[in-house]
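Count along the sequence shown from 1, add 38, and you get the number used in this note's numbering. Accompanying notes for the structure given below.
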Amino acid sequence: MTQTDTMPLDGVRILDFTQVMLGPCATQMLADFGADVIKIERPGAGDLSRNFFGETSEAAMNNAVFSSLNRNKRSIEIDTKSEEGKNAIYELVKHSDVVVDNFRAGVMERLGFGYEDLRKINPRIICASGTGFGEKGPYAHKGGQDVLAQAMSGVMEKTADPSVPRSIYPTTLCDYTAGMHLVQGVLAALLMREKTGVGQKVGVSLYDSMIAMQMQEAAQWSKHREVLNWAAMPLTGVFDTTDGAIVLVGAFKANPLRDICTALGIDDISPQYPDLAAQRKNKPYLQELFRKHFATNTTAHWLERLEGQDLLCAPVRPLGDALDDPQTAINDMLVDIDHPVLGPLRLVGSPVHMSAAPLTVRHTPPRLGEHTDEVLGEFGLRPAKDKVAI
Numbered sequence: 039m040t041q042t043d044t045m046p047l048d049g050v051r052i053l054d055f056t057q058v059m060l061g062p063c064a065t066q067m068l069a070d071f072g073a074d075v076i077k078i079e080r081p082g083a084g085d086l087s088r089n090f091f092g093e094t095s096e097a098a099m100n101n102a103v104f105s106s107l108n109r110n111k112r113s114i115e116i117d118t119k120s121e122e123g124k125n126a127i128y129e130l131v132k133h134s135d136v137v138v139d140n141f142r143a144g145v146m147e148r149l150g151f152g153y154e155d156l157r158k159i160n161p162r163i164i165c166a167s168g169t170g171f172g173e174k175g176p177y178a179h180k181g182g183q184d185v186l187a188q189a190m191s192g193v194m195e196k197t198a199d200p201s202v203p204r205s206i207y208p209t210t211l212c213d214y215t216a217g218m219h220l221v222q223g224v225l226a227a228l229l230m231r232e233k234t235g236v237g238q239k240v241g242v243s244l245y246d247s248m249i250a251m252q253m254q255e256a257a258q259w260s261k262h263r264e265v266l267n268w269a270a271m272p273l274t275g276v277f278d279t280t281d282g283a284i285v286l287v288g289a290f291k292a293n294p295l296r297d298i299c300t301a302l303g304i305d306d307i308s309p310q311y312p313d314l315a316a317q318r319k320n321k322p323y324l325q326e327l328f329r330k331h332f333a334t335n336t337t338a339h340w341l342e343r344l345e346g347q348d349l350l351c352a353p354v355r356p357l358g359d360a361l362d363d364p365q366t367a368i369n370d371m372l373v374d375i376d377h378p379v380l381g382p383l384r385l386v387g388s389p390v391h392m393s394a395a396p397l398t399v400r401h402t403p404p405r406l407g408e409h410t411d412e413v414l415g416e417f418g419l420r421p422a423k424d425k426v427a428i
């Protein structure tokens, strides 16, 4: 691995108004790439994630959830509704490249920090916003949240089995996807600014990101009015074993049903169900057949049998097992830090691996307002005697 002192976004300064998940995961990735991310936080309260557990102790305000999204950033407390606070923001904008927020549509404009306001101060500024549903249209001012985007985009409506109740996807699928789209937009805008010399407005939304994630399904529906549900394919499913569960994807082979039968040690029934149409029609029977046989032995046994037929399969594992897997360590997906409040802390690293610019932790997840005086001093602003007042 080659390491240099140069990072891809060295010299790029970002004013970060984001909180919770969508925005912070985006600005953390930009910070990991080397950007100087200055996190603008509400005096005395900060990012909503600081109060995730409803407590206000120093440990609670620097909890693991907040810390997972805010390394390599500097935190300053500014009252953005006060004249002194607004003027401080305007001064920072003069010396910054990107302003990022994930408020509802119109909030930044009401604060006086909309793109049209800030471009007058700095024509090179890029304003990047992540919203729930977009900045125009009937849902523009509706509160945006991951679960709502799952529901309204069509993602939640589909299930692997029609008899299984619809449910909430238990990981922040929409927030993370939209956050990564926001990163793409910022990087593209920075590249374009190199050509044009001026900034622009960048916008993403939870809703759009979920529509985009379903590009294959949308094309199939638009052309054929047919629901494409990858989880409901007849030879695909999650099956209990004697000591856990296994997932099988019976696809991408000339005759996957034949190979599944071989792995299960039963007679080949593929001639009776020779194509996808026949397999779909008889999915309940096939799934029950698989379920009955997988329940007779261990996960390890069936993995060996299935992989012997070159079938796509994997054990169903809890997160802890995945974090402890040697592959996770080999992929440099965990980073250990010594947090000044929480002590030793293990965080998920970056999924983007660059040979010349590996992830380094320049700043531990900041305490609320930890860098207020430092940052203001860098720009000749009056250090805050009372951080809550500025």
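By construction, the Cβ of each residue, glycine as well, lies at the ideal position given by its N, Cα and C atoms.
Looking at residue i: is its Cβ nearer than 8 Å to the Cβ of residue j?
i: threonine 274; j: valine 287; result: yes
i: glycine 237; j: isoleucine 127; result: no
i: leucine 295; j: serine 308; result: yes
i: aspartate 10; j: arginine 51; result: The structure shown does not extend to residue 10, since the chain spans only 39 to 428, so no value can be given for it.
i: leucine 168; j: valine 242; result: Note that residue 168 is glycine in the sequence shown, not leucine. Cβ distance < 8 Å, so glycine 168 and valine 242 count as in contact.
i: valine 379; j: glutamate 96; result: yes
i: threonine 402; j: threonine 336; result: no
i: valine 138; j: alanine 166; result: yes
i: alanine 198; j: alanine 283; result: no
i: methionine 248; j: serine 205; result: no
i: isoleucine 304; j: histidine 331; result: yes
i: leucine 406; j: arginine 88; result: yes
Excluding sequence positions up to five away, which residues of its chain have a Cβ less than 8 Å from the Cβ of residue i?
i: leucine 63; result: In the sequence as presented, leucine is not what sits at residue 63; that position holds cysteine. Here the set comprises Leu107, Asp213, Tyr214, Gly217 and Met218.
i: phenylalanine 290; result: Leu350
Taking all protein chains shown into account, do 16 or more other C-beta atoms lie within 10 angstroms of the C-beta of residue i, making it buried, or fewer, making it exposed?
i: proline 389; result: exposed
i: glutamate 115; result: buried
i: histidine 391; result: exposed
i: aspartate 313; result: exposed
i: tyrosine 245; result: buried
i: tyrosine 311; result: buried
i: methionine 146; result: buried
i: valine 426; result: With a pLDDT of 45 at valine 426, under the threshold of 50, the predicted position of this residue should be treated as unreliable, and no value is reported.
i: tyrosine 153; result: buried
i: glycine 418; result: exposed
i: leucine 86; result: exposed
i: tryptophan 340; result: buried
i: alanine 367; result: exposed
i: alanine 187; result: buried
i: glutamine 317; result: buried
i: glutamate 79; result: buried
i: histidine 409; result: buried
i: serine 134; result: buried
i: proline 208; result: exposed
Output the boundary residues of the alpha helix (DSSP H) element that contains residue i.
i: phenylalanine 328; result: 321–332
i: isoleucine 249; result: 244–251
i: valine 285; result: Valine 285 -> not in any alpha helix (DSSP H); beta strand (DSSP E) instead, spanning 283–287.
i: arginine 384; result: Careful: arginine 384 lies outside any alpha helix (DSSP H), inside the beta strand (DSSP E) at 381–386.
i: glutamate 342; result: 337–346
i: glutamate 79; result: Glutamate 79 -> not in any alpha helix (DSSP H); beta strand (DSSP E) instead, spanning 74–79.
i: valine 224; result: 211–234
i: aspartate 297; result: 294–302
i: serine 105; result: 102–105
i: alanine 97; result: 96–99
i: aspartate 70; result: 60–70
i: alanine 198; result: It is not in any alpha helix (DSSP H) - alanine 198 carries neither H nor E in the DSSP assignment.
i: asparagine 125; result: 121–132
i: glutamine 365; result: 364–368
i: leucine 149; result: 145–149
For residue i, which three-state DSSP category applies?
i: phenylalanine 277; result: strand
i: proline 353; result: strand
i: serine 167; result: strand
i: leucine 419; result: coil
i: alanine 316; result: helix
i: alanine 427; result: Unreliable positioning characterises alanine 427 in this predicted model, as indicated by a pLDDT of 45, which lies under 50. A coordinate reading is not provided.
i: glutamate 264; result: coil
i: leucine 86; result: helix
i: valine 193; result: coil
i: aspartate 359; result: helix
i: valine 399; result: coil
i: lysine 239; result: strand
i: aspartate 43; result: coil
At what residues does the beta strand (DSSP E) containing residue i begin and finish?
i: glutamate 115; result: 111–115
i: histidine 377; result: 372–377
i: arginine 51; result: 51–54
i: aspartate 139; result: 136–139
Which residues in the same chain have their Cβ closer than 6 Å to the Cβ of residue i, if we skip the five residues on either side of it in sequence?
i: tyrosine 177; result: Phe171
i: alanine 77; result: It should be noted that the sequence gives lysine, not alanine, for residue 77. Excluding positions up to five away in sequence, the list reads Asp54, Lys111 and Ser113.
i: proline 161; result: Val236
i: leucine 149; result: Thr118
i: lysine 321; result: Pro272
Can you name, in chain order, every residue of its own chain whose Cβ lies under 7 Å from the Cβ of residue i, other than the five neighbours on each side?
i: phenylalanine 91; result: Ala98 and Asn101
i: glutamate 195; result: Arg204
i: lysine 180; result: Gly170 and Phe171
i: lysine 132; result: Ile159 and Asn160
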